[in-house]
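Have a look at the structure below, then the notes.
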Amino acid sequence: MPPALATRALVKRFGRTTALAGVDLEIAPGELVGLLGPNGAGKSTLTKIACGIVRSSAGEARVCGARAGSRPARAAVGYLAELFRFPDWLSAEEVLVLHQRLASSRGGAGERNDLLGLVGLSDARRVRVAAMSKGMQQRLGVAQALVGRPRLLLLDEPTSALDPAGRRTVRELLERLREREIAVLLNSHLLSEVELVCERVAILSHGRLVATGAMDELTRSRGLEVETGAGVRLIEDVGREQVPRVVRELVAAGEEVYSVRLVRSTLEETFLELTGGDAA
Amino acid sequence: MNVALIAFYAFRETLRRRVFLAVLVLTASFIALYWLGARFIFSQTSSFRGGVVDENVVRGASIFGLALFATYFLGCVLAIFLTLGAIRGEAERGLLQPLVARPVGRSSLIGGRLLAAVLVCVPYVATVYVVVLAITRHTLHWTPDRQLEPLLALMLAVTIIAALSLLGSVFLAPIANGITVFMLLGIGMVAGLLGQIGVAMKIHSLERIAEASSWVAPFEALYQRSLYALTAETSGVTKTVLSLGPFGGPQAGPSQLWLWSLAYLGLATAAVLAVFARRDL
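Chains A and B supply the protein sequences, listed in that same order. Counted from 1, the first sequence has number 31 at position 25 by this note's numbering; the numbering is strictly sequential. Counted from 1, the second sequence has number 242 at position 129 by this note's numbering; the numbering is strictly sequential.
Here it is, written out as structure tokens:
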């Protein structure tokens with residue numbers, strides 16, 4: 007099966023500004039990847055190229071084996087833009103009907119019920135967009151993106167307008183998408199959110215991919231935090247394998263050990279290190 | 114299929130806009146005013162005897178010419194307001210992206226938007242024209258020499274304006290686009306009036322300006338053709354007197370006007386499709 011998304015030396019220029027300067031990224035089917043980067047790093051541009059609303063200047067982007075932007079590629083993609091709006095006179099159900107027609111989805115009422123239930127809007131199916139809170143509209147946007155059972159879901163800041171409860175709903179939703187084997191590219195400023203749900207993270211800076219890997223690969227061990235009768239201290243350069251030995255040595259030295267904890271750098275620290283301290 | 118779907122939703126949205134209701138109310142006011150004006154003109158000029166001038170033709174063609182201008186102008190206003198923000202405006206509001214990301218051709222989006230505008234504007238122009246024609250017949254006892262040609266010319270002119278406004282909406286923000294298309298309309302009108310003066314006063318350079326403008330702005334030439342068709346079979350002093358007024362319609366326009374107008378519409382639509390296909394959102 008081809009990757010859900012594969013980009014090779016992807017370049018995008020807007021006049022003299024280079025938004026993407028040769029990005030190679032691959033997302034496997036069913037994989038949940040977080041896309042991080044400071045403002046202007048090229049995250050939204052990459053997402054827009056993948057869903058075909060922006061054309062690349064050079065390089066290649068393929069969705070499920072088809073050229074990004076082509077009809078088969080767009081049929082395989084679900085997209086939630088950072089800034090989006092639905093006609094405010096449509097109800098939640100009518101929005102989904104419109105997108106079912108555009109996506110040639112044959113899911114019918116069953117698919118609409120399923121999606122509205124998935125985003126917690128079952129009771130709001132007849133509520134007009136104009137009467138919805140921003141959070142409800144955002145959840146409706148996620149449901150809309152899932153119309154037609156896409157194989158790649160592109161979410162551009164899906165939780166930016168949500169309150170903590172709404173964010174949690176989206177996180178749980180992403181977990182459930184994993185069960186449906188839908189690949190997700192989650193573009194978010196919220197590192198904690200990405201840390202919680204994503205299997206892999208890609209970090210963009212100035213249009214270049216500066217790091218990609220699983221969470222464990224991107225964060226590094228900072229040592230062992232030990233609480234003894236003398237207080238809490240950090241013993242550096244200690245990995246998981248050395249923990250029993252260190253504890254034995256402490257006990258042998260007459261210290262009373264109350265707790266030990268392996269400490270790793272956070273995603274935020276890694277992010278700031280890789281992007282030169284630019285804000286996410 | 115997708116064109117019809119996009120057109121259906123755009124049409125529904127149009128009907129929901131308050132501006133459409135306002136247009137209906139104002140049009141009803143215009144028709145009522147026209148009816149009242151036609152009645153007064155008839156009652157207060159029925160005793161006039163023009164001698165060599167057929168006063169019934171002058172009276173009927175003048176006031177109906179005015180109605181034709183109003184119909185044309187209102188049709189253009191509607192066409193412009195329905196399309197001025199169709200692309201860039203809707204992209205800035207975030208309405209377009211969810212649609213464009215779907216496996217729908219961008220040509221379907223453009224076709225749907227143009228079709229929706231035409232489905233509103235063309236019946237609007239036709240309805241106003243037929244009502245005004247009926248009022249003119251009933252109150253002034255006058256009918257144009259050609260009744261279908263002016264209507265067809267106005268419908269095509271308004272369709273071209275909708276296509277130009279759609280083209281502008283790819284590049285310009287809604288307000289800038291609206292201003293640009295209205296100015297284009299105004300320039301066309303000025304050229305048309307210059308042409309009328311040229312014909313009436315036999316100033317060939319002005320006639321040439323009008324002829325050149327009919328190629329650049331065929332919507333104005335179509336409007337002039339619609340005026341011309343009102344008294345196309347009229348001749349003599351009556352025709353000369355009529356041609357001195359702003360609604361006399363002395364210019365038939367180039368012989369290939371219909372063909373060129375259709376080609377112009379095709380070119381404008383093709384240009385929208387070409388530029389929108391390459392547009393990043």
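Backbone N, C-alpha and C fix where the C-beta goes; we use that ideal spot for every residue, glycine too.
{"Asked": "Write down the C-beta distance between Val232 (chain A) and Gly219 (chain A) rounded to the nearest angstrom, noting that I regard them as a contact closer than 8 Å.", "Found": "In fact, because the Cβ distance is near 29 Å, the residues do not count as touching under 8 Å."}
{"Asked": "If you drop the 5 nearest sequence neighbours on each side, which residues of the same chain put their C-beta closer than 7 Å to that of Thr351 (chain B)?", "Found": "Val166, Asp167, Val170 and Val171"}
{"Asked": "Could you check what DSSP says for Ile209 (chain A) in three-state terms: helix, strand or coil?", "Found": "strand"}
{"Asked": "Residues in its own chain within less than 8 Å of Gly282 (chain A) by CB, not counting five upstream and five downstream?", "Found": "Ser211"}
{"Asked": "Rounded to the nearest angstrom, how far is the Cβ of Ser282 (chain B) from that of Arg201 (chain B), given a contact under 8 Å?", "Found": "6 Å"}
{"Asked": "Can you pull the chain B residues whose beta carbon is under 7 Å from the beta carbon of Val83 (chain A), in chain order?", "Found": "Ala214"}
{"Asked": "List the residues of chain B whose Cβ lies closer than 7 Å to the Cβ of Gln150 (chain A), in chain order.", "Found": "Pro211"}
{"Asked": "Can you pull the chain B neighbours of Cys57 (chain A), defined as C-beta to C-beta under 7 Å?", "Found": "Ala214"}
{"Asked": "Can you tell me whether Met142 (chain A) is buried or exposed, with buried defined as 16 or more other CB within 10 angstroms of its CB?", "Found": "buried"}
{"Asked": "Between Tyr205 (chain A) and Leu86 (chain A), is the Cβ-Cβ spacing less than 7 Å?", "Found": "Residue identity differs from the one stated: residue 205 (chain A) is Glu in this sequence, not Tyr. No, the Cβ-Cβ distance between Glu205 (chain A) and Leu86 (chain A) is not below 7 Å."}
{"Asked": "Contact defined as beta carbons within less than 8 Å: I believe Thr13 (chain A) pairs with Asp30 (chain A). What is the distance between those atoms, to the nearest angstrom?", "Found": "6 Å"}
{"Asked": "Can you give, in chain order, each stretch of the alpha helix (DSSP H) that sits fully within the region 12-72 of chain A and has at least 4 residues?", "Found": "49-57"}
{"Asked": "Would you mind working out which of A:Val17, A:Glu275 and A:Ser271 sits nearest Ala64 (chain A), comparing C-alpha positions?", "Found": "A:Val17"}
{"Asked": "By Cβ distance below 8 Å, which residues in the same chain neighbour Gly305 (chain B) in space, the five residues on each side in sequence not counted?", "Found": "Ala323, Ser326, Glu333, Ala334, Tyr336, Gln337 and Gln364"}
{"Asked": "Which residues mark the beginning and the end of the beta strand (DSSP E) in which Ile241 (chain A) is found?", "Found": "Gly237 to Ile241"}
{"Asked": "Exposed or buried, which one is Leu139 (chain B) when buried takes at least 16 other CB atoms within 10 Å?", "Found": "exposed"}
{"Asked": "Is it buried or exposed for Val303 (chain B), if we count other Cβ within 10 angstroms and need 16 for buried?", "Found": "exposed"}
{"Asked": "If you check the beta carbons only, do Pro35 (chain A) and Val83 (chain A) fall under 7 Å apart?", "Found": "no"}
{"Asked": "Distance cutoff 7 Å, beta carbons only. Does Leu264 (chain B) sit that close to anything in chain A?", "Found": "no"}
{"Asked": "So which residues of chain B does Pro93 (chain A) contact, with C-beta pairs closer than 9 Å?", "Found": "Tyr122, Arg125, Glu126, Arg129 and Leu208"}
{"Asked": "My assumption, with CB atoms under 8 Å, is that Ala199 (chain B) sits in contact with Leu279 (chain B). Please give the rounded CB distance.", "Found": "6 Å"}
{"Asked": "Counting C-beta neighbours from all protein chains within 10 Å, is the total for Ala189 (chain A) 16 or more, i.e. buried, or is it exposed?", "Found": "buried"}
{"Asked": "Check the Cβ-Cβ distances between Arg112 (chain A) and every residue of chain B, and say whether any is below 7 Å.", "Found": "no"}
{"Asked": "Establish whether the CB of Val133 (chain A) and some CB of chain B are separated by less than 7 Å.", "Found": "no"}
{"Asked": "Pick from B:Leu298, B:Ser318 and B:Ala117: whose alpha carbon is nearest that of Leu277 (chain B)?", "Found": "B:Leu298"}
{"Asked": "Do Arg219 (chain B) and Ala390 (chain B) count as a contact pair if the criterion is CB distance below 7 Å?", "Found": "yes"}
{"Asked": "Less than 7 Å between CB atoms is the rule here; does Leu155 (chain A) satisfy it with respect to chain B?", "Found": "Correcting the residue type first, residue 155 (chain A) is Arg in the shown sequence and not Leu. Taking Cβ atoms only, chain B never reaches closer than 7 Å to Arg155 (chain A), which makes this a no."}
{"Asked": "Closest to Val66 (chain B) by CA distance: which of B:Arg215, B:Cys189 and B:Ala330 is it?", "Found": "In the structure as shown, chain B begins at 114 and stops at 394. Residue 66 (chain B) is therefore absent and cannot be evaluated."}
{"Asked": "For Thr165 (chain A), which option in A:Gly154, A:Leu159, A:Arg177 and A:Leu158 has the closest C-alpha, if you only look at C-alpha atoms?", "Found": "A:Arg177"}
{"Asked": "Can you grab the Cα-Cα spacing for the pair Pro8 (chain A) / Gly71 (chain A), in whole Å?", "Found": "6 Å"}
{"Asked": "Under a Cβ-count criterion, where at least 16 other Cβ atoms within 10 Å of its own Cβ denotes burial, should Thr53 (chain A) be classed as buried or exposed?", "Found": "buried"}
{"Asked": "Pull the bridge partners of Val6 (chain A) from the DSSP assignment, please.", "Found": "Residue 6 (chain A) is absent from the model: chain A starts at 7 and stops at 286."}
{"Asked": "In the DSSP assignment, what residue or residues form a beta bridge with Asn193 (chain A)?", "Found": "A:Leu41 and A:Asp162"}
{"Asked": "Look up Ser227 (chain A) in the DSSP assignment and give the residues it is bridged to.", "Found": "A:Arg270"}
{"Asked": "Could you list which residues in chain A have their beta carbon closer than 7 Å to that of Val217 (chain B), in chain order?", "Found": "Leu108"}
{"Asked": "Please confirm whether Leu403 (chain B) has its beta-carbon closer than 7 Å to some beta-carbon of chain A.", "Found": "With chain B running from 114 to 394 in the structure shown, residue 403 (chain B) is simply not present."}
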